[in-house]
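Protein chains: 2
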Amino acid sequence: MSFTYKYPRPAVAVDMVIFGYDTKKLRVLLIRRGIEPFFDCWALPGGFVNPDESLDDAARRELAEETGLDQIFMEQLYSFGSVDRDPRERVISVCYYALIDLLGTTPKGASDAAEARWFNIDDLPTLAFDHNEILNFSLERIRGKLSYQPVGFELLPRLFTLSQLQRLYEVILGHALDKRNFRKKLMKMDLLLATDEYETNVSHRAAQFYCFDRPKYQKLVKEGFAFDL
Amino acid sequence: MSFTYKYPRPAVAVDMVIFGYDTKKLRVLLIRRGIEPFFDCWALPGGFVNPDESLDDAARRELAEETGLDQIFMEQLYSFGSVDRDPRERVISVCYYALIDLLGTTPKGASDAAEARWFNIDDLPTLAFDHNEILNFSLERIRGKLSYQPVGFELLPRLFTLSQLQRLYEVILGHALDKRNFRKKLMKMDLLLATDEYETNVSHRAAQFYCFDRPKYQKLVKEGFAFDL
DNA sequence: ACAAAAGTGTTTTCCATACACCCATGC
DNA sequence: GCATGGGTGTATGGAAAACACTTTTGT
């Protein structure tokens with residue numbers, strides 16, 4: 003079976019920058035390529051867009067194939083379209099990034115035979131194609147975003163302590179934050195709901211669990227509320 | 003001549019949201035479609051990506067075709083890829099927006115026979131395809147961007163008065179700004195160069211002309227400077 | 001002289017930052 | 001009782017916002 007067109011067409015792929023967080027480090031999921039070009043190189047997971055799925059659907063499908071996870075925060079990043087980014091032929095890549103909590107959930111490895119691994123964000127190999135560029139771009143984006151939107155909640159279990167949240171911000175931003183000021187700011191945002199649950203079995207004062215006020219957040223987003231961290 | 007592939011491929015287009023500003027209103031350049039579907043409807047200018055040009059190149063080419071202008075501020079916005087956004091066949095549209103000063107320059111109409119017109123931003127017709135959605139999206143983006151980057155300079159002549167700059171901000175943001183505070187903030191950014199030229203033939207005190215310190219701006223962008231308006 | 005826009009400073013309020021100690025718990 | 005991280009308040013500096021009058025020019 004084959005498909006014929008009057009004009010040449012680029013292939014269209016989605017590539018995924020999948021961030022994972024595990025209380026210590028920010029990680030990215032990479033796969034080892036099993037075919038040329040860049041055989042054996044690490045690369046961002048991705049694939050071609052099917053005719054019957056939207057770009058978002060394609061991205062969500064890739065994400066599910068690689069991680070087994072659904073219902074994950076995901077956002078379109080940018081489309082890369084240099085003529086020679088793929089040596090074989092013209093490929094336009096629409097890139098997405100996703101954020102995954104590596105604690106509360108257990109993402110499976112890639113479904114296809116290809117080897118998949120979580121890499122520490124500041125210890126990355128040279129990647130296939132222009133994937134290093136894409137990765138840097140998405141890292142800048144997530145850091146920028148974190149500063150004015152409470153993106154981080156996607157990377158934590160439903161219930162979390164303020165210290166967990168602060169560590170998350172510190173890991174993503176790459177620098178320490180003042181505990182008291184961090185709490186003040188977050189409380190002022192008024193998007194955290196204190197629960198009556200506390201940590202157990204810790205050898206220090208038990209921290210209170212909070213959860214994220216999703217309805218309120220979505221209302222604010224709709225109204226164009228400007229966050230500010 | 004025809005082109006055959008093993009798998010079906012979407013067509014890839016670039017669509018342009020071209021903003022223009024003329025001291026009173028923010029406008030968008032639309033073209034009237036001469037073919038089905040949406041015959042006679044207004045639509046965003048755009049076209050298919052050629053095999054030998056990058057996405058940015060394609061966007062720049064479209065921009066030049068529609069306006070005759072080169073060297074214009076332009077930025078990728080988002081890629082739209084719903085399955086049914088074009089009733090004929092699958093088309094993925096990579097969208098860009100551009101900003102044009104309608105005073106200092108005189109953009110020609112569209113080069114092809116199609117009718118082209120500048121529409122007031124708050125008096126828009128129903129557009130072809132998902133183009134209303136795309137336009138709203140880009141309007142939000144430009145407003146957001148204005149708040150933390152001095153984007154507005156792209157929409158003014160090389161020499162401009164502070165009042166002109168303020169009017170521009172007010173028109174795009176859609177609300178009034180305090181004159182003294184506006185000047186203080188802009189001066190503190192240190193990106194304006196006062197010239198020794200003044201308005202002439204105005205029936206009030208002549209305003210001083212300023213120009214934008216482009217080298218300094220580009221330096222700051224490279225260093226990741228955060229603006230804040 | 002008056003209309004019309006340019007230009008200019010001060011005060012107040014609020015937010016960001018810096019900073020140090022007591023509290024609860026497990027061992 | 002000690003080690004560990006949880007939790008809290010205050011003082012200071014700087015930016016943002018509010019606000020009104022004088023200057024210049026053409027008619």
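Same order as they appear, the protein sequences are chains Z and H.
Position one of the first sequence corresponds to residue 3 (the working numbering), numbered consecutively onward.
Position one of the second sequence corresponds to residue 3 (the working numbering), numbered consecutively onward.
Note that CB positions come from ideal geometry on N, CA and C, so glycine has one too.
Straight-line gap, residue i to residue j (C-alpha atoms, nearest Å)
| i | j | result |
| --- | --- | --- |
| residue 67 of chain Z | residue 173 of chain H | 47 Å |
| residue 126 of chain H | residue 21 of chain Z | 40 Å |
| residue 97 of chain H | residue 140 of chain H | 9 Å |
| residue 142 of chain Z | residue 91 of chain Z | 29 Å |
| residue 95 of chain H | residue 88 of chain H | 10 Å |
| residue 144 of chain Z | residue 122 of chain Z | 16 Å |
| residue 26 of chain H | residue 11 of chain Z | 42 Å |
| residue 146 of chain H | residue 205 of chain Z | 46 Å |
| residue 135 of chain Z | residue 82 of chain Z | 10 Å |
| residue 51 of chain H | residue 57 of chain H | 7 Å |
| residue 137 of chain H | residue 53 of chain Z | 25 Å |
| residue 36 of chain Z | residue 9 of chain H | 21 Å |
| residue 23 of chain H | residue 222 of chain H | 26 Å |
| residue 18 of chain Z | residue 211 of chain Z | 32 Å |
| residue 104 of chain H | residue 196 of chain Z | 53 Å |
| residue 200 of chain H | residue 209 of chain H | 6 Å |
| residue 30 of chain Z | residue 117 of chain Z | 14 Å |
| residue 79 of chain H | residue 207 of chain Z | 48 Å |
| residue 133 of chain H | residue 154 of chain H | 24 Å |
| residue 124 of chain H | residue 170 of chain H | 15 Å |
| residue 38 of chain H | residue 100 of chain H | 26 Å |
| residue 84 of chain H | residue 203 of chain Z | 50 Å |
| residue 13 of chain H | residue 59 of chain Z | 18 Å |
Residue i, enclosing alpha helix (DSSP H) - first and last residue
| i | result |
| --- | --- |
| residue 166 of chain Z | 164 to 175 |
| residue 58 of chain H | 57 to 69 |
| residue 184 of chain H | 181 to 191 |
For residue i, the residue or residues it bridges with in DSSP
| i | result |
| --- | --- |
| residue 29 of chain H | H/22, H/122 |
| residue 194 of chain H | H/214 |
| residue 200 of chain Z | Z/210 |
| residue 13 of chain Z | Z/93 |
| residue 45 of chain H | H/33 |
Interface partners of residue i on chain H, CB under 9 Å
| i | result |
| --- | --- |
| residue 6 of chain Z | 4, 5, 6, 7 |
| residue 220 of chain Z | Simply none; closest approach about 17 Å. |
Run of the beta strand (DSSP E) containing residue i, from where it starts to where it stops
| i | result |
| --- | --- |
| residue 81 of chain H | 75 to 82 |
| residue 128 of chain Z | Note, residue 128 of chain Z: premise wrong, no beta strand (DSSP E); not H, not E. |
| residue 101 of chain H | 93 to 103 |
| residue 50 of chain Z | 48 to 50 |
| residue 7 of chain H | 5 to 7 |
Neighbour list for residue i in chain Z, Cβ cutoff strictly below 9 Å
| i | result |
| --- | --- |
| residue 96 of chain H | 81, 83, 94, 96 |
### Message
Any C-beta of chain Z within less than 7 Å: which residues of the segment 149 to 168 of chain H qualify?
### Response
none
### Message
Using a Cβ-Cβ cutoff of 8 Å, what residues of the segment 38 to 57 of chain H are near chain Z? List them in chain order.
### Response
50, 51, 53, 54, 55, 56, 57
### Task
May I ask you to list, following chain order, the residues of the segment 7 to 32 of chain H that have a beta carbon less than 8 Å from some beta carbon of chain Z?
7, 8, 9, 10, 11, 12, 13, 14
### Message
Against chain Z, which members of the segment 67 to 79 of chain H pass a CB distance test of less than 7 Å?
### Response
78
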